[in-house]
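Which chain is which? The protein sequence lines are A and B, in order. If you count the first sequence from 1, position 241 lands on 241 in my numbering, and the numbers rise without skipping. If you count the second sequence from 1, position 74 lands on 380 in my numbering, and the numbers rise without skipping. A short worksheet on the structure shown next.
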Amino acid sequence: MNSRAFHSVDGTYNFAYLDEQTKRMIRRTLLKAIAVPGYQVPFGGREMPMAYGWGTGGIQITASIIGRDDTLKVIDQGADDTTNAVSIRRFFRRVAGVQTTEETSKATLIQTRHRIPEKQLTEKQILVYQVPQPEPLWKLEPREVETRKLHAYSEYGLMHVKLYEDISRHGEIITTYDYPVEVNARHIMSPSPIPKFDNPKMAMMPALQLFGAGREKRIYAIPPYTRVRSLDFDDHPFKPQRFDKPCALCGAEEVFLDEVILDDKGDHMFVCSDSDHCRERRAAGHTGSRASDAADMGFVPTEGLN
Amino acid sequence: MNALLEAQSVGHSYAGGQLGCEDVSFRLYPGEVLGVVGESGSGKSTLLGCLSGMIEPSQGSVRFDAGGQGLRDVFSLSEPERRLLMRTDWGIVRQNPRDGLRMNVSAGGNVGERLMAVGARNYTEIRGEALDWLTRVEIPSGRIDDLPRTFSGGMQQRVQIARILVSKPRLVFMDEPTGGLDVSVQARLLDLLRGLVRDLGVAAVVVTHDLAVVRLLSDRLMVMRQGRVVESGLTDQVLDDPQHPYSQLLVSSVLQA
Numbered sequence: 001m002n003s004r005a006f007h008s009v010d011g012t013y014n015f016a017y018l019d020e021q022t023k024r025m026i027r028r029t030l031l032k033a034i035a036v037p038g039y040q041v042p043f044g045g046r047e048m049p050m051a052y053g054w055g056t057g058g059i060q061i062t063a064s065i066i067g068r069d070d071t072l073k074v075i076d077q078g079a080d081d082t083t084n085a086v087s088i089r090r091f092f093r094r095v096a097g098v099q100t101t102e103e104t105s106k107a108t109l110i111q112t113r114h115r116i117p118e119k120q121l122t123e124k125q126i127l128v129y130q131v132p133q134p135e136p137l138w139k140l141e142p143r144e145v146e147t148r149k150l151h152a153y154s155e156y157g158l159m160h161v162k163l164y165e166d167i168s169r170h171g172e173i174i175t176t177y178d179y180p181v182e183v184n185a186r187h188i189m190s191p192s193p194i195p196k197f198d199n200p201k202m203a204m205m206p207a208l209q210l211f212g213a214g215r216e217k218r219i220y221a222i223p224p225y226t227r228v229r230s231l232d233f234d235d236h237p238f239k240p241q242r243f244d245k246p247c248a249l250c251g252a253e254e255v256f257l258d259e260v261i262l263d264d265k266g267d268h269m270f271v272c273s274d275s276d277h278c279r280e281r282r283a284a285g286h287t288g289s290r291a292s293d294a295a296d297m298g299f300v301p302t303e304g305l306n
Numbered sequence: 307m308n309a310l311l312e313a314q315s316v317g318h319s320y321a322g323g324q325l326g327c328e329d330v331s332f333r334l335y336p337g338e339v340l341g342v343v344g345e346s347g348s349g350k351s352t353l354l355g356c357l358s359g360m361i362e363p364s365q366g367s368v369r370f371d372a373g374g375q376g377l378r379d380v381f382s383l384s385e386p387e388r389r390l391l392m393r394t395d396w397g398i399v400r401q402n403p404r405d406g407l408r409m410n411v412s413a414g415g416n417v418g419e420r421l422m423a424v425g426a427r428n429y430t431e432i433r434g435e436a437l438d439w440l441t442r443v444e445i446p447s448g449r450i451d452d453l454p455r456t457f458s459g460g461m462q463q464r465v466q467i468a469r470i471l472v473s474k475p476r477l478v479f480m481d482e483p484t485g486g487l488d489v490s491v492q493a494r495l496l497d498l499l500r501g502l503v504r505d506l507g508v509a510a511v512v513v514t515h516d517l518a519v520v521r522l523l524s525d526r527l528m529v530m531r532q533g534r535v536v537e538s539g540l541t542d543q544v545l546d547d548p549q550h551p552y553s554q555l556l557v558s559s560v561l562q563a
C-alpha cells in the first residue's frame with residue numbers, strides 16, 4: 001500500500017498487477033463492507049489473468065491490500081501445494097515481489113479457498129476468502145432485485161425453509177459446506193464453501209475476514225471480533241462435522257480431515273486437510289498410525305517446490 | 307363495527323391511458339366475503355391488484371386496519387411494513403398455484419414458510435402446524451414431504467390455501483381460486499373454502515367470472531364492467547334479481563343444470 005513507483009520482477013506490471021485507481025476503488029468497497037458486516041457491496045470487478053472460478057475475487061482483494069512488507073500464504077482446500085495455491089502464490093511473487101510462506105503463523109495475509117487454517121489467527125493477520133456465489137439465498141430466490149430486498153428488510157424466513165427441507169428429507173441438516181451464517185445479528189451471509197466445521201472459527205475471530213466474489217462482483221467482510229452465528233432450529237441445533245479417527249499422519253484430533261485414496265484395492269486414510277498444520281505437528285514429533293509411510297507416499301515438506 | 311378494508315374511488319390507468327378500473331368504493335368488514343364478478347377485461351384483476359398492495363392506484367385510496375390501529379392508507383406504509391402485512395395479516399390465493407407456491411420446496415416447507423418468516427425457529431412445532439393445516443385442507447399426511455409438482459391441480463390449490471391460512475390472516479384475496487379445476491374438484495374446493503372462511507372468520511375478496519363461486523362463498527357482490535362497478539348488493543339479491551342490464555345478461559348466460 002504505497003504509491004512509490006514499483007516495477008514487477010519483469011518490469012511489466014504495476015505493483016500487485018492492478019492499477020492504483022482500481023486498488024483505490026476496491027479499498028473503498030472494502031471499507032464499506034467492513035462498516036456493514038456481512039453486507040454484499042458491489043464493486044467494479046476487473047478481468048484477471050485467470051478464469052472465473054479460480055479465485056478472481058480473492059485475488060483482486062489481495063492485490064488491493066497487499067504491501068511490500070506483507071508475507072503471503074495461499075490455501076487451496078486446506079493445502080499449500082495444490083494447483084490454485086501454487087499458481088496464485090507464484091502470481092503475487094512475480095507481480096508484487098512479496099515474501100510467501102506456507103506457515104500460517106508467519107503470514108500477514110492469507111488468501112484461502114474452502115478452508116480456515118486450524119491455527120488460531122491473530123489481529124495482525126487478514127484472511128481473504130475466494131467466493132464463487134456470494135448470495136446465500138440464490139437457490140431459493142432467483143431474482144436479485146428480490147434478494148436485495150430480503151437482505152434490506154431482514155426477511156430471512158426463506159433461509160430456514162432450506163434447513164427445514166434438509167431435516168424433513170434427511171432427518172437432520174445435511175448442508176455441510178457453505179452453511180449460512182448470521183453476521184453481527186443482522187445480515188445472513190454465505191461463508192463461501194468452507195466446511196461447516198470451520199464456521200465456529202469465524203465467530204469472534206481476531207483477524208479481519210474479507211470475501212471476494214469475482215464473477216458476481218461482490219465484496220463483503222467480517223471485522224475482527226464480530227458475532228457470527230450458524231443458522232439452526234431450536235430443536236435441531238447447529239452441529240459441525242466430527243471425525244471418529246485422528247489424522248493418520250500426525251495424530252491430530254479435532255481437525256478437519258480429508259480422505260486420501262492410496263491404491264485401487266480400497267486402501268485409504270484420513271489426513272489433516274490443513275497441510276501446514278499437519279507438517280508442523282509432524283516436525284514437532286507427533287505421529288499418527290501411518291506416519292512411517294508419509295515419506296513414501298509423497299507427504300514430505302514441500303519447501304522449495306514452488 | 308369498524309371496517310377492515312376501505313376503498314375510496316379507487317381507479318387505475320395503465321401507462322398509455324389504458325383503463326384498468328375506475329371509481330370503485332366499498333367497505334369490507336371483518337369476517338365478510340365480497341365477491342367481484344365480471345367478464346374478462348372488466349378490471350377485476352386490476353382492482354384486486356390495487357386492493358392487495360401490488361399496484362399503486364392512480365386515483366383514490368385503499369385503507370386497511372392493521373391490528374386495531376385504525377384505517378391506514380396501504381400505500382403510505384413503508385415498503386417493509388407493507389411486505390410484513392402481506393405475509394401476516396394478508397394472503398393472496400392465486401389462480402395458478404404455481405405462482406403462489408414454491409415448486410421446488412415440499413408441501414410442508416411451503417406451509418411452514420410464513421411461520422418461519424415471522425420468526426418460528428422450532429422445527430417440531432413448525433412441522434406440527436404444517437401437518438395440521440395440510441390435514442385441514444384434506445392433503446393426506448403422508449404427502450407432507452412431497453414436492454407440489456407431484457400433486458394434482460386441485461391439491462396444489464389446497465396447499466396454496468393452507469400456506470396462506472397458516473399465518474391466520476385477517477384478509478384473503480382470491481383471484482379465480484377455482485379456475486382451471488374440473489367441476490367436481492371445484493365443488494370440493496369451494497366447500498372447503500367456505501368452511502375455512504366461516505370457521506376462521508377471515509374476510510375475503512374473491513374475484514371470479516364464475517357466478518357459482520360467489521353464490522357459495524360471498525356475502526356481498528359487485529358486478530364490474532369496463533372498469534366500473536355497475537351493480538352491487540347482497541349476493542342473493544344481485545343474482546336472483548339483477549337490476550342492471552349487464553348483470554341480467556351475466557346471470558341469464560349461466561346454463562341452468
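Cβ atoms here follow ideal geometry from the backbone N, Cα and C, with glycine treated the same way. Quick caveat: nothing in here was measured; it's all calculated off a predicted structure.
Q.
Taking 8 Å as the threshold (beta carbon to beta carbon), is residue 168(A) in contact with chain B?
A. yes
**Q.** Residues near residue 82(A) by beta carbon distance below 7 Å, same chain, minus five either side
**A.** 76
Q | Proximity below 8 Å, CB of residue 74(A) to CB of residue 88(A) | A | yes
Q. Nearest-angstrom Cα distance between residue 463(B) and residue 400(B)?
A. 8 Å
Q: Using a Cβ-Cβ cut-off of 8 Å, state whether residue 3(A) counts as contacting chain B.
A: Only weak support exists for where residue 3(A) lies, its pLDDT of 45 falling under 50; the value from the coordinates is given anyway. With 8 Å as the cut-off, residue 3(A) does not count as an interface residue toward chain B.
Q: For residue 238(A), decide whether its Cβ has a neighbour in chain B, counting only Cβ atoms nearer than 8 Å.
A: no
(Q) Just to confirm the assignment, what range does the beta strand (DSSP E) spanning residue 314(B) have? (A) 311–319
Q.
So if DSSP puts residue 238(A) in a beta bridge, which residue, or which two residues, is it bridged to?
A. Per DSSP, none; premise fails for residue 238(A).
**Q.** For residue 17(A) and residue 313(A), the rounded distance between their alpha carbons
**A.** Because chain A spans 1 through 306 in this model, residue 313(A) falls outside it and cannot be assessed.
(Q) Cβ closer than 8 Å: which chain A residues qualify as neighbours of residue 395(B)? (A) Near residue 395(B) there are no residues of chain A at all, since even the closest Cβ is about 15 Å away, more than 8 Å.
Q) In terms of residues, what are the limits of the beta strand (DSSP E) holding residue 167(A)? A) Taken as a continuous stretch (DSSP letters only), residue 167(A) belongs to no beta strand (DSSP E), being part of the alpha helix (DSSP H) at 157–170.
**Q.** Status (buried if at least 16 other CB within 10 Å, exposed otherwise) for residue 142(A)
**A.** exposed
Q. Which whole-angstrom value describes the C-beta separation of residue 418(B) and residue 433(B), a residue pair presumed to lie in contact below a C-beta threshold of 8 Å?
A. 7 Å
Q: Check whether the Cβ atoms of residue 308(A) and residue 212(A) lie closer than 8 Å to each other.
A: In this structure chain A extends from 1 to 306, so residue 308(A) is not present and cannot be described.
(Q) Please list the terminal residues of the continuous beta strand (DSSP E) segment that includes residue 16(A). (A) Premise fails: residue 16(A) is in no beta strand (DSSP E) and is neither H nor E.
Q) Taking the alpha helix (DSSP H) that residue 467(B) falls in, what are its first and last residues? A) 459–471
Q. Quick one, which residues of the stretch 146–165 of chain A are near chain B if we go by CB-CB under 9 Å, in chain order?
A. 149, 152, 153, 154, 155, 156, 157, 158, 159, 160, 161, 162, 163, 164 and 165
Q: For residue 450(B), name the three-state secondary structure that DSSP assigns.
A: coil
Q. Given a threshold of 16 other Cβ atoms within 10 Å of its Cβ, counted over all protein chains shown, does residue 1(A) qualify as buried or as exposed?
A. Low local confidence applies: a pLDDT of 45 at residue 1(A) is under 50, so the model's placement there is unreliable, with the coordinate-based value given in what follows. Residue 1(A) comes out exposed.
Q: Please determine if the stretch 361–370 of chain B and the stretch 341–350 of chain B are in contact, where contact requires at least 3 C-beta pairs separated by less than 8 Å.
A: no
(Q) With a threshold of 8 Å between beta-carbons, can residue 233(A) be considered close to chain B, or not? (A) yes
Q. Beta-carbon separation of residue 136(A) and residue 192(A) under 8 Å?
A. no
Q. For the beta strand (DSSP E) that residue 524(B) lies in, which residues bound it at each end?
A. Segment: none, residue 524(B) is in no beta strand (DSSP E) and carries neither H nor E.
Q. Rounded to whole angstroms, how far is the Cβ of residue 161(A) from the Cβ of residue 411(B), which I believe are closer than 8 Å?
A. 6 Å
(Q) Would you say residue 469(B) lies against chain A (beta-carbon separation less than 8 Å)? (A) no
Q: Measure from the C-beta of residue 306(A) to each C-beta in chain B and report whether the shortest distance is under 8 Å.
A: Residue confidence for residue 306(A) is low, a pLDDT of 45 falling below 50, so the modelled location carries little weight; the figure read from the coordinates is stated next. Closer than 8 Å: no.
Q. How long is the line joining the alpha carbons of residue 72(A) and residue 479(B), rounded to whole angstroms?
A. 59 Å
Q: Check whether the Cβ atoms of residue 63(A) and residue 23(A) lie closer than 8 Å to each other.
A: yes
Q. What does a CB cutoff of less than 7 Å around residue 119(A) pick up in its chain, not counting 5 residues either side in sequence?
A. 104, 105 and 277
Q | Three CB pairs or more closer than 8 Å across the stretch 531–548 of chain B and the stretch 502–510 of chain B | A | no
Q: Identify the contact partners of residue 451(B) in chain E, using a Cβ-Cβ distance below 7 Å as the criterion.
A: Included in the structure are the protein chains A and B, with no chain E among them.
Q | Identity of the residues DSSP links to residue 539(B) by a beta bridge | A | 527(B)
Q: Just the C-alpha distance for residue 381(B) and residue 321(B), rounded to the nearest angstrom, thanks.
A: 19 Å
Q: State buried or exposed for residue 531(B), treating a residue as buried only when at least 16 other CB atoms are found within 10 Å of its CB.
A: buried
Q: Jot down the residue ranges of each uninterrupted alpha helix (DSSP H) in the stretch 88–133 of chain A, minimum 4 residues, whole runs only, in chain order.
A: none
Q | Segment contact, 8 Å Cβ cut-off, at least three pairs: the stretch 171–179 of chain A with the stretch 190–209 of chain A | A | yes
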